[in-house]
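One structure below.
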Amino acid sequence: MRHYRVGLAIVAALVLIALTAPLLTALEGQDATGFHPELVNSALGGLPNGALGGISADHWLGVEPGTGRDIFARIVYGAQVSLGVAIGATVVQVLIGTTVGLAAGMGGRLADGLLTRGIDLMMALPELIFAIALLVIVPAGFPRPLLLAGVIGVFGWGGTARLVRAQTLSLRTRDYVAAARLAGAGRVRVARREILPGVVAPVLTYAALLLPGNIVSEAGLSFLGIGVRPPTPSWGQMLSNASVWFRSDPMYVIIPAAAIFLAVLAFTLLGDGVRKAANPRTTGAAS
Amino acid sequence: MRTSHKVLTALVPLAALLAACGHNTQDAQGAKNSTAAFDPATCQGGTLRVLNQGDLTHYDPARLYTSGGGKIPTLLFRTLTTRNRVPGPDSTKVVPDLATDVGTPSDDAKTWTYHLKDGLKFEDGTPITSADIKYGIERSFAPELPGGAPYLRDWLKDAQNYGGPYKDGELSSIETPDDKTIIFKLRKPEGEFPYLATATQFAPVPKAKDTGVDYEKHPISSGPYKVESFDQSKHLVLVRNDNWSRQIDDQRLACPDRIEVTAGLDPAVVNQRLATGAGDDANAATTDVNLGPAELARLGSDPQLAAHVAHTHFGDTTYLAFNPKVKPFDDIKVREAISYAVNRQTVINAVGGSQLADPATTFLPDQAVFGYQPYDHFPAGPTGDPAKAKELLAQAGYPNGLTITLTHSTAQSGHGPGVATAIQDALKQAGITVNLEPLDPDSFDAKVNTPATEPGLSIDGWGADWPSGNPFLAPIFDGRQIIKSGGNFNLAQYDNPEVNDEIDAINKLTDPAAAAKRWGALDEKIGKEALTVPLYHSKDLLLFGKNVKNAWVSDWNGLYDLSVMSVK
Amino acid sequence: MTRYLLRRIVETLAVLLLLSACVYAVFYVLPGDPARLICGKICLPDQLTAIHQKLGLDQPLWEQYLHFLQGLVAGRDYSSGPSVNHCPAPCLGYSFQTDQPVTGLLLDRLPVSLSLTLGAAVLWLVIGVGTGLVSGLRPGSLADRALTAVALAGTATPVFVLGLVLLLVFCVYLAWLPFPGYVPLTEDPVAWAQNLLLPWLTLALTTAVVYSRLTRTTLLEILAEDHIRTLRAYGVPERRIIGRHALRGTLTPIITLFGLHVGTVLGSTVLTESLFGLPGLGKLLIDAVNTIDVPVVVGATLLSGFAIVVGNTLADLLYHFADPRVHLT
Amino acid sequence: MTLSVKGLTVRYPGVTAVDDLSFDLPDGGSLAVVGESGSGKSTTAAALLGLHRGTRAQVTGTVELDGVDLTTLPDERLRAVRGRRIAMVFQDPLSALDPFFTVGDQIASVYRLHTRAARRASRQKAVEVLNRVGIPDAARRVRAHPHEFSGGMRQRALIAMALALEPSVLVADEPTSALDVTVQAQILTLLADLRAQSGMALLFVTHDLAVAAQIADDVLVMRHGRAVERGPVRRVLTAPAEPYTRELVDAVPRLHTPRAAPEPAAPRNAAVTVHGVSHHYRRGAHALKGISLEVREGETLGIVGESGSGKSTLARIMAGLLPPTHGRVAFDGGPRMRQMVFQDPASSFNPRRQIGASVAEPLLTARSGPAGDAVSDAVGDALERVGLGPEYTARYPHELSGGQRQRAAIARALIARPKLMICDEAVSALDVTTQAGILRLLTDVQRELGLAMVFVSHDLAVVRQVSDRVAVMKDGELVELADAETLFEAPQHPYTRLLLSTAPALDGDRPDSH
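Chains as they are written, first to last, in the working numbering: chain W, 66 to 352; chain A, 35 to 602; chain S, 6 to 334; chain X, 49 to 562.
Right, dumping it as structure tokens:
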């Protein structure tokens with residue numbers, strides 16, 4: 066449980082950082098998009114001047130090679146994208162997954178058969194590949210974070226739907242559902258009063274475990290160069306840009322890599338904590 | 035040709051890191067000077083390897099879009115004229131190849147006559163005739179063989195609706211009175227016809243051997259090498275063509291006995307292999323992999339490696355293009371303000387720093403052959419002059435600044451998001467808020483190059499098909515080259531009769547030096563209208579293997595020349 | 006068994022058909038006209054028309070799709086003018102960007118992706134199951150806690166982060182390994198393995214975490230089952246209980262998961278291949294997406310869908326053979 | 049003295065499961081350990097073999113087998129004793145065998161382990177013991193996996209495994225509780241026969257006093273981990289010395305004791321009529337075949353049958369929860385007039401709703417039902433009627449015991465003022481003392497409200513306690529339907545007779561014990 070608290074603390078800190086990004090950068094006295102040609106060596110391909118990628122009192126985490134933009138500012142604004150997209154994608158996954166799963170579980174044999182096949186097909190799709198393809202199809206003008214959340218969500222609800230369907234089917238056979246039907250409750254009332262409350266807890270638990278995966282997805286798509294568009298900063302995009310600077314400016318790689326690692330770790334710990342709290346029976350001996 | 039840097043790979047791979055890998059195995063014996071100890075008489079032998087990134091696609095002379103004969107194509111296809119293979123500024127000159135001279139103009143440069151050299155043969159020993167050249171050109175009009183430069187259709191008489199030999203028979207504007215003579219009839223004066231005659235479309239194709247679309251699988255060579263095997267898109271192996279000799283070709287040295295091209299390699303891998311130079315890689319070169327910004331730091335600390343770097347300078351300009359038909363860019367004061375506001379330093383840093391780009395204040399590249407005349411009508415220094423820009427904006431009626439949209443391609447290289455964000459940041463200093471409109475490369479081309487949909491401000495690039503002022507300036511500023519249906523490069527939609535007349539007048543000149551002077555003057559003149567904001571001229575750095583000799587860089591195409599390099 | 010396989014094959018075909026229709030419909034709305042790209046920078050209307058004809062882009066969507074299906078079964082010719090490009094069955098389309106049949110392109114790249122995945126699979130099985138057993142046999146021990154912590158860190162490290170770290174450590178600082186390229190197995194097996202070691206590790210370590218955790222939980226669950234208690238009650242030594250009985254049960258879900266995982270070859274290697282510049286299917290796909298080479302994108306997507314469906318069937322079969330209680334229906 | 053237990057105490061963190069227990073089991077003797085759930089009887093059985101080693105349980109006291117204390121024996125030596133000298137048979141025969149190995153393999157490998165016999169000989173032995181426990185075609189069945197065996201056969205196989213090593217003590221932990229009565233009878237007979245043949249001592253753990261009476265010479269009654277009473281079976285059951293034992297014995301329903309209340313007078317109208325109802329599930333298996341019967345107002349119809357007989361399916365069809373595939377059910381009443389009480393107290397209430405809300409549900413869904421205070425009053429009244437105070441309104445299901453939940457379930461059924469109440473194994477999951485209370489409540493409310501009631505159970509004795517008429521079902525068919533007296537005292541159908549003869553009962557030698 067104490068791991069869970071560490072996770073919660075980091076998540077809270079990240080959310081706070083994302084929310085107060087303008088404040089934090091103002092505190093530093095920089096912004097995320099300002100170029101600083103004077104801080105990089107143009108003759109060396111734009112390598113930041115000074116040690117550790119140009120870390121200084123003015124630029125707490127150094128500056129980007131080439132542009133000289135402030136990395137601290139880009140990291141804190143990147144948190145907005147990373148967390149925003151991941152949370153948005155999770156919401157999409159949960160909404161679609163719950164709706165489809167509930168419909169399949171509560172529906173008749175035909176509806177269930179069709180929807181289950183649909184879920185299976187969804188799970189059989191190579192998600193990343195479809196996400197890549199879809200990101201290319203949509204016109205570049207479309208708000209990118211929204212699109213990313215949508216795409217990650219639209220290709221990732223299969224698990225939630227399966228979970229909800231299974232849970233619904235299991236709850237449906239419970240005697241209390243039969244009792245509710247005998248008490249005169251209709252299908253909708255049964256779904257709302259008897260089934261849904263039983264679905265919410267496992268879905269929320271599952272959602273907590275989906276979140277870190279969605280952070281990775283966003284970072285991966287950005288890493289592949291099809292995430293948010295410049296000048297909007299995102300961790301995956303920073304890492305992608307940084308990957309060529311590995312040798313000459315390792316700090317440029319380490320900072321976004323650490324940010325991604327920390328965020329995923331924190332959300333994983335939190336998700337694990339939520340899962341264990343919801344289902345204490347499966348608690349591993351080592352935790 | 036626009037320099038759209040057709041490298042669309044979204045992910046820039048780990049060039050720097052990979053290049054760093056295995057660094058310790060670098061030969062510490064010291065690099066040999068690339069030009070030292072080179073003797074054309076004894077250079078023959080060995081195998082030259084070419085490690086390339088882009089796939090080998092169409093080895094059909096009708097479909098290749100080349101300049102000066104091309105990099106690899108020139109090993110197979112001889113053309114009427116070709117680029118001059120000497121180091122230095124003279125490399126931008128046109129010299130005869132199959133022909134005895136660079137062409138004899140008559141009728142105000144509307145007729146061009148060529149005579150073939152003696153003893154020319156195809157790889158199978160059959161003699162090359164003027165009819166073979168005519169047929170080669172005709173093929174390039176066939177719709178199923180697209181890809182070449184558009185000039186022939188534009189320049190040749192009666193060629194505008196010609197559909198190629200398969201459908202429409204012969205083209206009447208090319209005459210072959212005898213086997214050695216070929217005459218071109220143009221519909222307007224074109225003093226630069228000899229430059230065009232370097233294109234592979236001017237290579238002979240024996241009609242008897244033409245297999246249409248399949249011809250590229252084994253094109254019939256007229257050059258020093260012939261195709262031994264062509265494993266589609268990945269491996270091309272060239273061996274000596276016994277029917278070619280230095281007696282009938284004074285341009286190519288053809289030192290290696292064999293040239294093996296491997297394509298589809300990762301750029302980082304190519305650079306690493308060239309830098310390490312282990313085994314066969316010591317005899318390797320590349321024609322399409324440049325060093326990236328992150329690799330530059332390494333060169334400074336590794337003089338041995340630096341000796342194997344070719345510094346190239348291909349004439350191109352990346353610029354901001356205004357569409358004065360869109361407000362507020364109709365106001366020259368606004369255009370001037372933006373000209374003052376740009377920060378070329380940040381732009382250059384965004385594309386790799388001072389080793390990979392020079393600031394541009396002229397539209398013409400900074401090479402004499404284009405007619406370059408230095409000017410800076412809106413002197414803003416390397417980092418811009420936002421105060422002056424604000425002042426101009428106030429005069430234009432925008433004392434509180436201005437919000438504009440900048441359209442750019444999402445391609446990571448060249449004039450992509452990096453430059454756009456640099457511009458955005460610079461203009462912010464001058465009180466101009468720039469909204470970015472990123473478009474994927476195809477949508478960008480479709481939108482920007484169609485006058486009806488062209489945005490007010492976009493980032494574009496331009497490079498010339500041959501080193502001369504005409505192909506650099508005419509498509510951009512000739513009012514008669516505004517193409518309404520798409521594929522328009524006159525982004526200012528600039529139609530000035532005076533300028534049009536001057537272009538016509540220069541085209542009539544057949545003396546390149548005289549023409550260059552007037553192209554330079556024209557550029558300087560148009561520059562005053564602030565129709566574009568030149569940003570930078572790019573430079574490239576390429577590695578070659580440590581056994582490779584005679585790898586001097588041609589100013590024509592900004593590359594070392596495979597046809598004169600040696601591995602012995 | 007035969008009936009099961011037949012039914013599975015029919016189902017697989019149905020899923021693929023549906024998938025191909027979806028993919029086709031989706032990519033039809035791609036921006037940019039592939040014909041324009043092929044045509045070159047300056048393209049005249051009749052050239053464009055000719056290419057349209059050749060690609061069959063002038064036909065309605067459903068007709069194009071039917072032709073696609075026909076090509077898949079019987080091969081297909083792309084022709085215009087005097088020449089014909091033949092695309093033999095199974096024809097997944099013809100890439101006019103590279104002027105090759107898509108099937109050939111995919112087959113070209115397949116050895117790279119297979120080398121990557123299979124090598125990594127061996128590693129992740131060995132590492133994952135090994136560490137899982139160590140953890141599961143001594144829950145709460147120092148080793149278990151350490152492995153749990155490592156696994157957690159592993160879960161939080163995406164492939165592209167791990168790959169970069171491994172490169173930096175092994176390639177730059179230690180300089181133990183060559184920078185990864187790709188050398189075909191048939192050319193030089195040693196160089197093949199050396200070059201792929203880092204990509205293998207990258208892919209394997211992130212996946213091994215899943216196996217490690219699964220092995221641990223399954224082992225713990227099985228050790229708590231009644232039949233283990235029976236064995237204990239009959240004096241069967243602990244070593245034998247674990248080695249013979251618990252392990253058998255633990256491996257069953259592992260094998261199933263393995264079948265599913267191997268099916269996701271393509272999807273899982275995109276990032277690794279991009280990161281290391283390996284010319285595999287993932288790299289092909291990313292490049293194709295960037296050049297809007299639709300036939301290749303469609304082909305690669307279908308291939309990966311096919312792999313996943315086959316992997317699912319494989320998982321079912323393996324499950325059947327691993328667990329006598331499971332009947333294939 | 050084969051087995052001697054002294055001061056056995058098993059503590060789990062926070063709980064003492066077995067508290068200072070001592071007893072002896074002589075050579076060839078048989079002892080039944082009886083108790084309700086939580087009495088510590090199964091923990092005791094496991095502790096005899098030292099199965100708590102390596103868990104968090106703390107075991108003190110001694111377990112001496114032929115003078116050797118098993119609790120302090122080193123692991124290595126204990127292993128040699130386990131199976132060889134003292135073997136165990138478990139409750140759930142499905143999970144007690146490794147699903148991945150054939151039954152023969154498992155028996156043979158355990159045999160080999162202890163005897164170092166050759167592979168072939170071990171195999172032979174497996175066939176032999178399977179034969180001995182009555183597995184038909186043992187030579188072939190030896191190659192079958194556990195899942196290919198029926199429940200009874202699995203239990204036989206497990207007994208065969210024990211038998212192979214000829215231990216001197218066999219510990220059987222509820223070995224028949226998961227089985228149908230007819231199968232249970234076979235296993236009990238088998239155990240008795242084997243004991244007679246081999247002379248091994250048997251320690252039989254069960255919750256069922258009747259089974260204990262049948263299998264054992266002596267009985268040890270446990271409660272809360274402590275021994276309550278120990279003595280010869282007949283004496284303890286007929287003349288219990290301890291009040292708890294008496295309570296326990298009295299709570300056990302008797303097979304041949306008729307229903308306490310008098311028969312309702314005069315024939316009445318049918319409340320529900322089942323006309324030729326058949327039902328089959330998706331895979332085609334027939335759950336019900338052409339059932340016709342009726343339940344009259346004010347009477348209780350008992351339905352008995354073994355697992356798979358279709359009795360629960362019929363109950364659900366009568367309640368209107370499941371549409372029959374063929375035939376029809378005529379019910380003279382509106383919605384909410386048919387109510388059910390279910391078997392599993394754990395799943396009969398929504399864990400996320402308060403008891404009051406669940407009980408009120410029939411009122412809340414009725415369009416013209418009461419509202420506001422009227423509802424809470426009604427809920428309070430209903431709870432009070434079933435013996436729960438109004439304070440239970442605000443409680444959640446997990447805060448209630450199994451018996452309390454069944455009471456609340458009855459309250460929920462009653463609040464709708466039903467004409468028909470169906471109880472599907474409503475007391476099967478309860479301890480026998482709790483069960484007796486619920487049965488009393490059910491008969492009371494049925495009489496009081498003049499309900500038609502259907503009482504479904506596998507337990508004939510329970511059915512006897514509440515039913516006016518009884519239907520016997522087998523494989524989806526109605527085998528016999530008669531009034532309770534006739535059916536229990538003069539059964540017509542052979543299957544009914546079989547059931548009655550195999551059902552363990554405390555009636556002693558029937559029917560003249562009372």
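Heads up, the beta-carbon is just placed ideally off N, CA and C, and yes, glycines get one too.
Measuring alpha carbon to alpha carbon, tell me which residue in W:Ser147, W:Trp222, W:Thr163 is nearest alanine 266 of chain W. Numbered from its first residue, the first sequence carries residue 266 of chain W at position 201. Selected option, being the one with the closest Cα: W:Thr163.
With 8 Å set as the bound, which would you pick, yes or no: does the beta-carbon of valine 360 of chain A sit closer than that to a beta-carbon of chain S? Here residue 360 of chain A refers to the residue found at position 326 of the second sequence. So, not an interface residue.
Measure from the C-beta of glycine 285 of chain W to each C-beta in chain S and report whether the shortest distance is under 8 Å. Mapped onto the first sequence, residue 285 of chain W falls at position 220. At least one chain S Cβ lies under 8 Å of glycine 285 of chain W.
Could you check how far apart the C-beta atoms of glycine 98 of chain X and threonine 64 of chain X are, in whole angstroms? I think they sit under 8 Å. The count along the fourth sequence starts at 1 and reaches residue 98 of chain X at position 50. The count along the fourth sequence starts at 1 and reaches residue 64 of chain X at position 16. That pair is no contact at about 18 Å.
Please compile the residues from chain S whose C-beta is within a distance smaller than 7 Å of the C-beta of serine 143 of chain X. Here residue 143 of chain X refers to the residue found at position 95 when the fourth sequence is read from its first residue. Simply Glu230, Asp231, His232.
Give every residue of the same chain whose Cβ lies closer than 7 Å to the Cβ of leucine 411 of chain X, excluding the five residues on either side of it in the sequence, and list them in chain order. Locating residue 411 of chain X in the fourth sequence gives position 363, counting from the first residue. Correct list, in chain order: Gly417, Pro418, Val423, Ala426, Ile463.
Reduced DSSP secondary structure (H/G/I, E/B, other) of leucine 51 of chain A: By 1-based counting over the second sequence, the position of residue 51 of chain A is 17. Per-residue confidence for leucine 51 of chain A stands at a pLDDT of 38, beneath the threshold of 50, marking its modelled position as unreliable; no derived number is given.
Below-8 Å beta-carbon distance, proline 284 of chain S vs any chain A residue: Position 279 of the third sequence, counted from the start, is the residue given in the question as residue 284 of chain S. Yes, its Cβ sits closer than 8 Å to a Cβ of chain A.
With distances taken between CB atoms, is the gap from proline 18 of chain A to phenylalanine 397 of chain A smaller than 8 Å? This structure does not reach residue 18 of chain A, given that chain A is present from 35 up to 602, and the question cannot be answered.
Neighbourhood of leucine 296 of chain X by C-beta, 6 Å cutoff - its chain only, sequence neighbours within 5 removed: By 1-based counting over the fourth sequence, the position of residue 296 of chain X is 248. Nothing listed; no residue qualifies.
Got a sec: is the Cβ-Cβ distance from threonine 155 of chain W to anything in chain S below 8 Å? Position 90 of the first sequence, counted from the first residue, corresponds to residue 155 of chain W. Output row for threonine 155 of chain W: interface = no.
Quick check: what's the CA-CA separation for glycine 56 of chain A versus proline 189 of chain S? Locating residue 56 of chain A in the second sequence gives position 22, where the first residue counts as 1. Locating residue 189 of chain S in the third sequence gives position 184, where the first residue counts as 1. Unreliable positioning characterises glycine 56 of chain A in this predicted model, as indicated by a pLDDT of 39, which lies under 50. A coordinate reading is not provided.
Indicate whether serine 52 of chain X and glutamate 112 of chain X have their beta-carbon atoms separated by less than 8 Å. Reading the fourth sequence from its first residue, position 4 is the one you call residue 52 of chain X. Reading the fourth sequence from its first residue, position 64 is the one you call residue 112 of chain X. Contact flag set, yes.
Taking the beta carbon of serine 449 of chain X as the centre, do at least 16 other beta carbons fall within 10 Å, making it buried, or is it exposed? For the purposes of this step, residue 449 of chain X is identified with residue 401 of the fourth sequence, where counting begins at 1. Flag for serine 449 of chain X reads exposed.
Per DSSP, arginine 386 of chain X is paired with what? As a first step, residue 386 of chain X is located in the fourth sequence; it is residue number 338 there, counting from the start. When beta bridges are read from the DSSP output, arginine 386 of chain X appears opposite X:Leu468.
At what residues does the alpha helix (DSSP H) containing histidine 328 of chain X begin and finish? In the fourth sequence, residue 328 of chain X corresponds to position 280, counting from 1. Where histidine 328 of chain X is concerned, there is no enclosing alpha helix (DSSP H), although the beta strand (DSSP E) it sits in stretches over 318–328.
For alanine 352 of chain A, three-class secondary structure by DSSP: Taking the second sequence and counting its residues from 1, the one referred to as residue 352 of chain A is at position 318. A small correction: the amino acid at residue 352 of chain A is threonine; alanine does not occupy that position in the sequence shown. When secondary structure is reduced to three states using DSSP, threonine 352 of chain A falls in the strand class.
With a 10 Å radius around its C-beta and 16 neighbouring C-beta atoms as the bar for buried, classify glutamine 106 of chain X as buried or exposed. Locating residue 106 of chain X in the fourth sequence gives position 58, where the first residue counts as 1. Exposed.
For chain S, find out if any of its Cβ atoms is closer than 8 Å to the Cβ of alanine 226 of chain X; answer yes or no. As a working note, residue 226 of chain X is residue 178 in the fourth sequence. Output row for alanine 226 of chain X: interface = no.
Mapping the DSSP letters down to three states, classify glycine 109 of chain X as helix, strand or coil. Working through the fourth sequence from its first residue, we reach residue 109 of chain X at position 61. Reduced to three states, the DSSP call for glycine 109 of chain X is strand.
Residues near leucine 548 of chain X by beta carbon distance below 8 Å, same chain, minus five either side: The residue labelled residue 548 of chain X in the question sits at position 500 within the fourth sequence. Leu303, Leu508, Phe536, Pro539, listed in sequence order.
Limits of the beta strand (DSSP E) - the one that tyrosine 148 of chain A falls within: What you label residue 148 of chain A is simply residue 114 of the second sequence in a count that begins at 1. First-last of the beta strand (DSSP E) with tyrosine 148 of chain A: 145–149.
Check whether the segment 186–198 of chain X touches the segment 147–157 of chain X, taking contact to mean three or more Cβ pairs, one atom from each stretch, closer than 8 Å. The segment 186–198 of chain X vs the segment 147–157 of chain X: in contact.
Ordered along the chain, which non-local residues of its own chain (more than five positions away) have a Cβ less than 7 Å from that of glycine 141 of chain S? In the third sequence, residue 141 of chain S corresponds to position 136, counting from 1. Hits under 7 Å: Thr220, Arg221, Leu224, Leu225.
Leaving out the 5 sequence neighbours to the left and right, which residues in its chain are closer than 7 Å to aspartate 365 of chain A when beta-carbon positions are compared? Looking up residue 365 of chain A in the second sequence gives position 331. If we look at aspartate 365 of chain A and ignore the five residues flanking it on each side, its Cβ neighbours are Ala430.
I'd like to know whether the C-beta atoms of glycine 451 of chain X and threonine 482 of chain X end up nearer to each other than 8 Å. Locating residue 451 of chain X in the fourth sequence gives position 403, where the first residue counts as 1. Locating residue 482 of chain X in the fourth sequence gives position 434, where the first residue counts as 1. Pairing glycine 451 of chain X with threonine 482 of chain X gives a Cβ-Cβ distance under 8 Å.
Would you list the residues sitting across from isoleucine 438 of chain A in a DSSP beta bridge? Within the second sequence, residue 438 of chain A is the residue found at index 404, counting from 1. Paired residues: A:Val468.
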